[in-house]
């Protein structure tokens with residue numbers, strides 16, 4: 061008898077299951093698939109994936125601040141080391157029309173102002189060409205640069221996870237956290253749409269958001285994941301950090317989204333060898349990813365160069381970046397010549 | 030109110046007091062937003078595991094207890110245990126074994142070796158994981174050895190000599206268990222994996238993960254079963270094994286093998302229950318979908334159950350005492366399971382446990398394991414029970 065079959069038999073007969081209902085509350089029930097529609101293509105431009113420039117400095121800040129679960133608003137971050145994470149998402153609908161979204165708004169306002177100006181995001185925000193900010197989660201490097209967005213359009217619609225803390229909303233309304241160095245002088249005046257983890261929120265045909273309420277680093281919880289359904293190609297996940305786990309996202313799509321059986325690719329941070337460290341579970345993900353047969357994997361940020369290189373060597377379709385990032389005023393201390401990251405200024409089309 | 034009921038009420042009150050003390054200790058030393066913030070998480074977890082191991086070795090291997098309940102002796106034993114922690118953790122692991130033998134036991138040695146990701150924070154987490162694994166190996170062998178050998182082996186030599194002899198016997202098996210069950214994970218924590226020092230994780234095929242949390246899972250269920258036998262079942266069936274002649278070797282070996290088999294079966298049973306609620310995990314899944322988390326969670330559940338066992342024994346006098354043997358064992362087992370499930374609910378409950386422990390709400394957080402808190406609480410309870418002779422409680426029932 062195979063181990064899994066044995067486990068199933070045991071599970072069926074486990075009398076303890078009834079008692080365990082109290083402590084394992086997420087019982088599996090019948091699920092129907094959601095239809096998120098389809099789009100013709102998605103283009104992602106990496107505005108900035110360098111949330112910080114020196115891993116060792118960032119890790120020291122975390123360690124000195126209290127470790128992985130400490131409150132990010134209480135840590136005296138090294139401002140010189142901060143950058144930010146942000147991307148421009150262009151959705152081509154089936155009729156050929158296009159819609160632009162800003163995903164995340166970075167950390168250091170000086171850096172984000174530069175990045176937005178370089179890519180013309182400031183003008184797109186001011187003109188209303190970009191009218192929605194899709195905030196993946198409330199981590200400092202994705203959110204604290206909010207002033208750089210609001211200064212061009214304080215009425216922008218923001219779609220964010222509903223797992224915020226009071227400090228997050230204070231910053232949005234205009235506040236300063238001196239110890240941590242977070243500041244916003246432009247209060248948000250537009251709609252704030254908070255997404256819960258129960259539903260799949262449709263944005264435009266072919267693009268939807270699903271919140272995964274998982275506990276993550278620095279006391280933050282919950283991440284909004286963008287699912288795109290590219291007609292004839294399959295599902296693409298677009299993530300800030302992908303804390304819920306790439307294969308868990310693919311598996312969710314398989315079970316819950318029409319067309320989710322076909323995995324096409326991914327873009328974003330994958331939250332693996334974040335600090336260029338290694339763990340055997342990263343090997344699990346390389347092996348597990350093969351079974352989903354993705355065709356295009358664009359990764360950067362918290363993926364870790366070490367993981368991306370090993371994944372590419374193992375045959376996963378990692379999209380190579382360019383040397384454009386070298387023309388930015390600051391570059392990451394861990395950037396390598398292998399170009400396995402889509403780095404600052406690169407684009408990928410699904 | 031009869032005396033038994035009165036004692037149980039007092040026990041409950043003292044248990045609440047222990048929880049309050051635990052809150053203080055957690056927030057001073059470990060809580061992410063506390064004072065010393067040692068729960069990073071592996072560093073604090075390893076300190077707790079090492080301290081718990083020291084208390085267990087002192088009391089169960091060397092017999093350093095305080096049955097007379099003398100305050101001075103209680104304080105001395107507690108002081109010795111703290112000194113032992115510093116000597117073991119920073120002296121033995123960080124500055125002796127790590128510097129002159131096995132690099133990964135010392136963060137300083139890892140950093141000095143250089144290579145990808147070799148900076149102090151990662152290095153300290155990695156060396157801490159190795160220490161946790163080694164402590165887990167000892168914590169499995171000690172009750173198996175005790176159940177198999179009892180007080181027979183070398184007892185004629187006197188307590189100190191018998192303690193030393195038993196310790197080296199235990200250390201031999203614990204070292205072997207560590208090398209086979211955990212060392213391949215630790216050598217895989219580096220990029221590239223240190224395959225000349227340790228084989229690639231050999232359990233990967235059956236465990237659906239290269240993580241040694243698989244071994245930690247069944248090993249801690251084995252520990253739970255051994256302690257259940259010792260405490261709730263009054264030594265049965267281990268006490269039926271002969272202890273003399275060749276049996277001095279055979280009995281502990283049988284207890285080791287038996288606990289491994291029984292532990293693995295219980296491990297499979299617990300994973301089956303999880304599958305009912307979270308569906309089956311898959312290779313490369315994350316959070317509750319991750320095979321390594323399911324394995325770790327079995328270990329975490331065992332931690333809750335072990336805590337239930339110790340709570341029942343220390344604070345509720347291992348009730349009931351009057352029923353027939355089989356009935357006593359059943360009642361205790363049910364009580365232990367109920368307390369374990371209650372503790373799990375407490376730990377993960379957003380309104381109470383999360384606030385109490387200053388943790389991020391939610392399940393399967395990669396940077397959080399309830400084992401740290403359960404081992405800390407178990408340490409406090411053991412110190413109270415064995416160094417302070419369950420002050421107030423035992424005195425009252427004497």
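Residue numbers (the working numbering), protein chains in the order written: chain S, 61 to 410; chain C, 30 to 427.
Glycine included, each C-beta is placed from N, C-alpha and C at the ideal position.
All figures in this text were calculated on a predicted structure; none of them were measured in a lab.
Under the rule that a run must span 3 or more residues, the beta strand (DSSP E) segments found entirely inside the segment 166 to 237 of chain S read 190 to 194, 217 to 221 and 235 to 237. DSSP places residue 99 of chain C in no alpha helix (DSSP H); its state is neither H nor E.
A contact is defined here as three or more CB-CB pairs under 8 angstroms, and the segment 140 to 151 of chain S fails this definition with respect to the segment 252 to 262 of chain S. Residues of chain S whose Cβ lies closer than 8 angstroms to the Cβ of residue 390 of chain C are, in chain order, 275 and 281.
Taking C-beta separations shorter than 6 angstroms and ignoring five residues to either side along the sequence, the partners of residue 98 of chain C in its chain run 418, following chain order. Under the DSSP definition of a beta bridge, residue 150 of chain S partners with S:103 and S:160. Inter-residue distance for residue 270 of chain S and residue 310 of chain S is about 12 angstroms (C-alpha atoms, whole angstroms). Within the DSSP secondary-structure output, residue 112 of chain S pairs in a beta bridge with S:142. The segment 343 to 352 of chain C and the segment 220 to 240 of chain C do not touch, with fewer than 3 CB-CB distances between them shorter than 8 angstroms. Taking 8 angstroms as the cut-off, the Cβ atoms of residue 336 of chain S and residue 115 of chain S count as close. For residue 348 of chain S, the nearest beta carbon of chain C is closer than 8 angstroms to its own beta carbon. Between the segment 42 to 56 of chain C and the segment 401 to 408 of chain C there are three or more C-beta pairs closer than 8 angstroms, enough to call the two in contact.
Of the candidates S:340, S:92, S:206 and S:227, the residue whose Cα lies closest to the Cα of residue 194 of chain S is S:206. CA-CA distance, residue 103 of chain S to residue 325 of chain S, rounds to 13 angstroms.
Between residue 365 of chain S and residue 219 of chain C, the gap from beta carbon to beta carbon reaches 8 angstroms or more.
Annotation for residue 82 of chain C: 164, 167 and 168 place their beta carbon closer than 7 angstroms to its own, counting only its chain and skipping 5 residues before and after. With a beta-carbon spacing of about 13 angstroms, residue 171 of chain S and residue 241 of chain S fall beyond the 8 angstroms limit used to define contacts. The beta carbon of residue 220 of chain C sits closer than 8 angstroms to some beta carbon of chain S. For residue 254 of chain S, no chain C residue has a C-beta closer than 7 angstroms to its own C-beta; the minimum C-beta separation is roughly 16 angstroms. With fewer than 16 other beta carbons inside 10 angstroms of its own, residue 233 of chain S counts as exposed. Around the beta carbon of residue 119 of chain C, a 10 Å sphere encloses fewer than 16 other beta carbons of the protein chains shown; the residue is thus reported as exposed. Residue nearest to residue 274 of chain S within the set S:268, S:308, S:292 and S:291 is S:308 (criterion: CA-CA distance).
One Cα belongs to residue 84 of chain C, the other to residue 74 of chain C, and the distance between them is close to 15 angstroms.
For residue 311 of chain C, a Cβ of chain S is located within less than 8 angstroms of the residue's own Cβ. For the options S:112, S:230, S:395 and S:161, the alpha carbon positioned closest to that of residue 188 of chain S is the one of S:161.
For chain S, the residues of the segment 213 to 243 of chain C that bring a beta carbon within less than 7 angstroms of one of its beta carbons are 214, 217, 218, 219, 220, 230, 235, 238, 239 and 240, in chain order.
Along the length of the segment 57 to 141 of chain C, whole beta strand (DSSP E) runs at least 3 residues long do not occur.
Looking from the CA of residue 260 of chain S, the closest CA among S:381, S:197, S:286 and S:165 belongs to S:286.
Within chain S, the residues placing a beta-carbon under 7 angstroms from that of residue 145 of chain C are 336 and 366, ordered along the chain. By the C-beta density criterion, residue 357 of chain S is buried, having at least 16 other C-beta atoms within 10 angstroms. Residue 166 of chain S sits away from residue 133 of chain S, with the two beta carbons spaced by 8 angstroms or more. One alpha carbon belongs to residue 199 of chain C, the other to residue 130 of chain C, and they sit about 21 angstroms apart. Excluding the 5 residues flanking it on each side, residue 388 of chain S has same chain C-beta neighbours closer than 6 angstroms at 404, in chain order.
Using a Cβ-Cβ cut-off of 8 angstroms, residue 89 of chain C does not count as an interface residue toward chain S, since no Cβ of chain S sits closer than that to its own. At least one CB of chain C lies nearer than 8 angstroms to the CB of residue 129 of chain S.
The segment 93 to 100 of chain S and the segment 288 to 308 of chain S touch, with no fewer than 3 CB-CB distances between them shorter than 8 angstroms.
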